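Top line first, the protein sequences correspond to chains P and H.
In terms of our numbering, the first sequence opens at residue 895 and continues consecutively.
In terms of our numbering, the second sequence opens at residue 895 and continues consecutively.
Even glycine gets a Cβ: it sits at the ideal position worked out from N, Cα and C.
All values derive from a computational prediction rather than experimental measurement.
Protein chains: 2
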Amino acid sequence: MSDHAVPSPTDTDAALLSEARALDAADPLHAHLDAFLEAPGVQAYLDGNSLGRPLAVVPERLAAFVREDWGTRLIRSWDEQWMDLPERLGDRIAEVTLGAAPGQTIVADSTSVLLYKLIRAGAAAAGAPAGPDGARTEIVIEEGNFPTDRFIAAGVAAELGMDLVWVQPDPVRGVTVDDLVPVLSARTALVVLSHVDYRSGALADMAAITAQVHDAGALVLWDLCHSAGSVPMQLDAWGADLAVGCTYKYLNGGPGSPAFAYVRRDLQAQIRQPIQGWWSAADIFAMGPRYAPTPGIRQLLSGTPPVTSMLAMQAMLDLIAEAGMAAVRAKSVSLTDFAVRAADEVLAPLGVRLLSPRDSALRGGHITIGHPEFQAVTQRLWGEGVIPDFRFPDGIRLGLSPLSTSHEETLRGVVAVRDALALGGR
Amino acid sequence: MSDHAVPSPTDTDAALLSEARALDAADPLHAHLDAFLEAPGVQAYLDGNSLGRPLAVVPERLAAFVREDWGTRLIRSWDEQWMDLPERLGDRIAEVTLGAAPGQTIVADSTSVLLYKLIRAGAAAAGAPAGPDGARTEIVIEEGNFPTDRFIAAGVAAELGMDLVWVQPDPVRGVTVDDLVPVLSARTALVVLSHVDYRSGALADMAAITAQVHDAGALVLWDLCHSAGSVPMQLDAWGADLAVGCTYKYLNGGPGSPAFAYVRRDLQAQIRQPIQGWWSAADIFAMGPRYAPTPGIRQLLSGTPPVTSMLAMQAMLDLIAEAGMAAVRAKSVSLTDFAVRAADEVLAPLGVRLLSPRDSALRGGHITIGHPEFQAVTQRLWGEGVIPDFRFPDGIRLGLSPLSTSHEETLRGVVAVRDALALGGR
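This is how it looks when you write it as structure tokens:
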């Protein structure tokens, strides 16, 4: 009868529900929940960091785009508005979320393709591929970094005859300056790190680590997939060299919307990306015999920009701008703090572990909790309209997109995990 | 008074108009024109080979996708329908337009990025980069090929330490077996050619040229951008090795919709593409320490597939399937034949030259005409809702997308060119 050791769900639930409702009532961004499309049958959407929800205006905006910009203006829209959309949208992302001046950010391709371009370009610019002794021949990457970052860095290292060097931070605390001390050296060309860890949610100190990498004479590439639109940044002030980020998470661009890349202005003349398609050429319509890259951030383009996939995020950027990143972050902290408290009270007694930092200053917009039964639990929850994310081998990730998630919704999710665990265990 | 040498516009116009109307009345695909969205103010859209028109169902399909698949099913749609969309849509393109069996075609990225992947992979598979004497170290490309093909081939050749060798065909007739004789050798690794030339519309003999390249022991990559959805193909029967094509032209996928790639089944185990992102991994969600590519065509993926940009083309593929590629080609030939006759009668007297093959068997779905004033003429026409494409330095390209263009519309375009030229010359 060890079940009796578990606190009574009803009392705990009621107290947490009161707390959630009080937090929602005091939330200055609560009204923004109405900006998102309703999702019939969804009790709790806790995966906004895998796929952000569409804003309510998006269906008609896409339809109007097809009728007017594409269907009526037709090819003329390239001249009228699409040609510079990759830069305009990049500048908008930079202004609203990155703390970066114009002319350094561009929207294109996927995160993986942009990582390839910038890891290649950055490693080649900073290092001397297959060079003599003393050359910078190492790409440093965290062993817990997102797979595509690691896979692509490994591929580039092999291509350029460079070595991959692994950083091994604490998986919950995430990468720190101390972790980099043993690996940085005069051989380091490029360091590839995530601003927010995709599993633990650990938030790296971008300013301190960037300064440390620069002291070693190397460049750093930041993966912003799990921070863009959730954690305020000052890329320019912090001296970031290169960055790549995702627009379908906290920027709500829709499934497979293109990625963005940032290259610090004074590095732009030193890099050369490998996929030299016509959109990166100095004169795109000259169609001359030889390739010459255009100067500036536009050199990162390759093929025709994916216009249709660049539309939905624009409404979200407007909403974030209206709220302000400081307020977005404050709500994000409130949501994850509350999720940690609720998990402590409701889930810890069932053996669920917190796999994220307890200190909100060390955390991004999601938390991860662990239990051996979470794969089966996630499957059951999805069928019931409670939608967290499962991360192999035993993690449930609660991605609490600040503008589209309430405290009460967060609690519904945590309670549903408890109920599913209880069912699963018997 | 040399103007009097020009045939009276009125009589010629009237005769051609009768002919156009008779051809439209006899056109078995004429009713399909109604499947496309109306474009208010557009008199003649003659640029379907730069950006195909949206089908009338597309605005609501995109809106419903946002409301339901994205907005309500949310992240669950990846499991339910999006995960294998790149292959399913690739197979559909293969079945409807390419004459290729399933499992060899995938939708991803842009044409430029897929060209990079396949030129890299094909050159490396066929050649021996920077190898000893006797190795295959040459990439052969046509000097008039589309810029992105040439630029990317040049970049890959430099990366791999290979040489770029130029084919120099007649610019109107396009590349033939005879043109390749002097350049193919035991040093040839990969040949990169367009099926339909982006300027002249010249149609290459894919079967004969592929056999010739194979006789030389090399591989061939076909750029299908200007033929997919317009010219019937039998990629499997013709023995094509690699191919890349565009979906925003005759497949009406919308601005910047992703490209497709074809890799012959028995080559798939021999190639390795360079951008080894997580979507190309053997087990995408294992997120293990080391990269291992998945077998089959899915190895060409890198990042998250651009789902939103993959929707519009599906309606067009259904329409092409309903019409059948043979009927689409028959109408395409009728349209370009009529455009050539109209240009001969209406424009040749003003000094306009035909820059495309006269024999329809040697031509794809567009023709190009030349005159020194065409840049200014195009600008004027666009303002009037007559929309051809200008190609530097003096070409107007008439892209006659078979399912969305009528003979009468084609004639309106040709007559408008004449009228604009007449105005411009005075």
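Asked                                                                                                                                                                             : Found
Taking 6 angstroms as the limit between beta carbons, can you name the residues of its chain near Q1193 of chain P, skipping five residues before and five after?                 : S1174, P1187
Out of curiosity, what's the CA-to-CA distance linking A1217 of chain P and G1182 of chain H?                                                                                     : 38 angstroms
Does any C-beta atom of chain H lie closer than 8 angstroms to the C-beta of G1259 of chain P?                                                                                    : no
Could you have a look at E1032 of chain P and say whether DSSP puts it in helix, strand or coil?                                                                                  : strand
Report the residue from P:D1288, P:S1250, P:L1241, P:I1191 whose alpha carbon sits nearest the alpha carbon of E981 of chain P.                                                   : P:I1191
Indicate the three-state DSSP secondary structure (helix, strand or coil) for L1283 of chain H in the structure shown.                                                            : Checking the displayed sequence, the identity of residue 1283 of chain H turns out to be Asp instead of Leu. Looking at D1283 of chain H - three-state DSSP - the assignment turns out to be strand.
Quick one: which unbroken beta strand (DSSP E) runs of 3-plus residues sit fully inside the segment 1087 to 1160 of chain P? Chain order, please.                                 : 1113 to 1117, 1136 to 1139, 1153 to 1157
Are at least three pairs of beta-carbons, each pair with one atom in the segment 915 to 928 of chain P and one in the segment 928 to 946 of chain H, less than 8 angstroms apart? : no
Could you compute how far the alpha carbon of D973 of chain H sits from the alpha carbon of R967 of chain H?                                                                      : 10 angstroms
If you follow the alpha helix (DSSP H) that H1301 of chain H is in, where does it begin and where does it stop?                                                                   : 1301 to 1318
For L1115 of chain H versus V1071 of chain H, is the C-beta spacing smaller than 8 angstroms?                                                                                     : no
Which residue marks the beginning of the beta strand (DSSP E) containing L1292 of chain H, and which one marks its end?                                                           : 1289 to 1293
Measure the Cβ-Cβ separation of R1285 of chain H and R1093 of chain H and say whether it is below 8 angstroms.                                                                    : yes
Less than 8 angstroms between the CB atoms is what I'm expecting for L1129 of chain H and G1277 of chain H, so what's the real figure, rounded?                                   : That pair is no contact at about 41 angstroms.
Are there three or more Cβ pairs, one per stretch, closer than 8 angstroms when the segment 998 to 1006 of chain H is compared with the segment 1194 to 1203 of chain H?          : yes
Out of H:E1239, H:P1126, H:G1279, point me to the one whose CA is closest to G1259 of chain H's CA.                                                                               : H:P1126
Does the count of Cβ pairs from the segment 947 to 954 of chain H and the segment 1072 to 1091 of chain H closer than 8 angstroms reach three?                                    : no
I need the straight-line Cα distance from C1119 of chain P to M1219 of chain P, nearest angstrom please.                                                                          : 16 angstroms
What would DSSP say about A908 of chain H, mapped onto helix, strand or coil?                                                                                                     : helix
Using the beta-carbon of each residue, which ones in chain H are nearer than 9 angstroms to L931 of chain P?                                                                      : V960, R961, W964, G965, T966
Which residues in chain H sit within 7 angstroms of D978 of chain P, going by Cβ to Cβ distance?                                                                                  : Within 7 angstroms Cβ-Cβ: nothing; D978 of chain P doesn't reach chain H, min ~14 angstroms.
Quick check: what's the CA-CA separation for V960 of chain P versus F1179 of chain H?                                                                                             : 35 angstroms
What three-state label does DSSP hand P1187 of chain P in the structure shown?                                                                                                    : strand
Whose C-beta lies closer than 6 angstroms to the C-beta of A1052 of chain P among residues of the same chain, with five residues either side of it excluded?                      : none
Residues in the same chain with beta-carbon distance under 7 angstroms from Y1185 of chain H, minus the five sequence neighbours each way, listed in chain order, please.         : Q1170, A1175
Which residues mark the beginning and the end of the beta strand (DSSP E) in which W1060 of chain H is found?                                                                     : 1057 to 1061
If I measure Cβ to Cβ from R1044 of chain H and keep anything under 7 angstroms in the same chain, skipping five residues before and after, which residues do I get?              : I1035
If we define contact as Cβ-Cβ less than 8 angstroms, is D1064 of chain P a contact residue for chain H?                                                                           : no
Is there a C-beta anywhere in chain P that falls below 8 angstroms from the one on S944 of chain H?                                                                               : yes
Identify the contact partners of V936 of chain H in chain P, using a Cβ-Cβ distance below 8 angstroms as the criterion.                                                           : T966, L968
Checking 8 angstroms against the spacing of the C-beta atoms, do L1136 of chain P and L1012 of chain P come in under that value?                                                  : yes
With W964 of chain P and P948 of chain H assumed to form a contact (beta carbons below 8 angstroms), what rounded beta-carbon distance in angstroms separates them?               : 6 angstroms
State the beta-bridge partners of Y939 of chain H as determined by DSSP.                                                                                                          : H:I1281
Taking 8 angstroms as the CB-CB limit, is Y1156 of chain H close to chain P?                                                                                                      : no
Checking the sheet assignment: what are the DSSP bridge partners for T1082 of chain P?                                                                                            : P:E1032
When the cut-off is 8 angstroms and only beta carbons count, does E1267 of chain P lie next to chain H?                                                                           : no
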